[in-house]
Amino acid sequence: MDTRDDDLVRLTPAASAALAMRFNDGERPCLRVFLSFLSDSGPRLELSLAEPTGDDATFVKDGWRLVINRQLFLQAAPVVVDCDDTGFRIDSGLDFSEAGGNCGGACGSH
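This is how it looks when you write it as structure tokens:
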């Protein structure tokens, strides 16, 4: 990755501390930033454990390896992984404001 691309991914101190607590300061797994459509409030970026593939860009932030599909990265940058009292949140350049929610077909009329 180009250095300028590396500047487009951030892991906040709060997120780094939450990850360290979650993994007990032990081995640090690789974390994937991915696009999820499973939220009731609509699509959003989430984190999971996953090793990189040939289609990924890899970033090391505060000792944590973050991977994101290159095509998604080009659309989402800048990407900021943060954590607050509600959990991890990933802010990006993607605009989901008109995507709508997913109620699993249990919402009244569509």
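Each number in the numbering used here corresponds to the 1-based position in the sequence shown with 17 added. Idealized CB from N, CA, C, for every residue including glycine.
Exercise for the section: Enumerate, from N- to C-terminal direction, the unbroken beta strand (DSSP E) stretches of 3 or more residues contained entirely within the stretch 20–82. Expected result: 26–28, 48–53, 61–66 and 73–78
Exercise for the section: Let me know if D112 comes out buried or exposed under the rule of 16 or more other beta-carbons within 10 Å of its beta-carbon. Expected result: Position 95 of the sequence shown, counted from the first residue, corresponds to residue 112. When all chains shown are included, D112 counts as exposed.
Exercise for the section: Starting from the C-beta of V98, find all residues in its chain whose C-beta is less than 6 Å away, skip the five residues before and the five after it, and write them out in chain order. Expected result: Taking the sequence shown and counting its residues from 1, one reaches residue 98 at position 81. Within the same chain, V98 has close Cβ partners L28, A32 and I107.
Problem - Enclosing beta strand (DSSP E) for F90 [first to last residue] - result: Within the sequence shown, numbered from 1, the residue matching residue 90 stands at position 73. That residue, F90, is in no beta strand (DSSP E); its alpha helix (DSSP H) goes R87 to A93.
Exercise for the section: Locate the beta strand (DSSP E) running through G104, then write down its first and last residues. Expected result: Position 87 of the sequence shown holds residue 104. Element bounds for G104: G104 to D108.
Handout entry: Among S114, L48, D57 and S56, the one whose alpha carbon lies nearest that of N86
Key = Within the sequence shown, the letter at position 69 stands for residue 86. In this structure, L48 is the residue among S114, L48, D57 and S56 with its C-alpha nearest to the C-alpha of N86.
Practice task
State yes or no: is the C-beta of E44 nearer than 7 Å to some heavy atom of the ligand NAP?
Solution key: Absence of the ligand NAP is noted for the structure shown, with no ligands found whatsoever.
Practice task
Please confirm whether S53 and E63 have their CB atoms less than 8 Å apart.
Solution key: Counting from one through the sequence shown, the residue named residue 53 turns up at place 36. Counting from one through the sequence shown, the residue named residue 63 turns up at place 46. Taking 8 Å as the cut-off, the beta carbon of S53 is found closer than this to the beta carbon of E63.
Practice task
Have a look at the DSSP bridge pairing and note the partners of D101.
Solution key: Taking the first residue of the sequence shown as position 1, residue 101 is located at position 84. Per DSSP, G104.
Handout entry: Own chain partners of P46 with C-beta closer than 6 Å, once the 5 adjacent residues on each side are dropped
Key = Along the sequence shown, read from residue 1 onward, the residue named residue 46 stands at position 29. For P46, where only same-chain residues beyond five positions count, the Cβ hits under 6 Å are L66.
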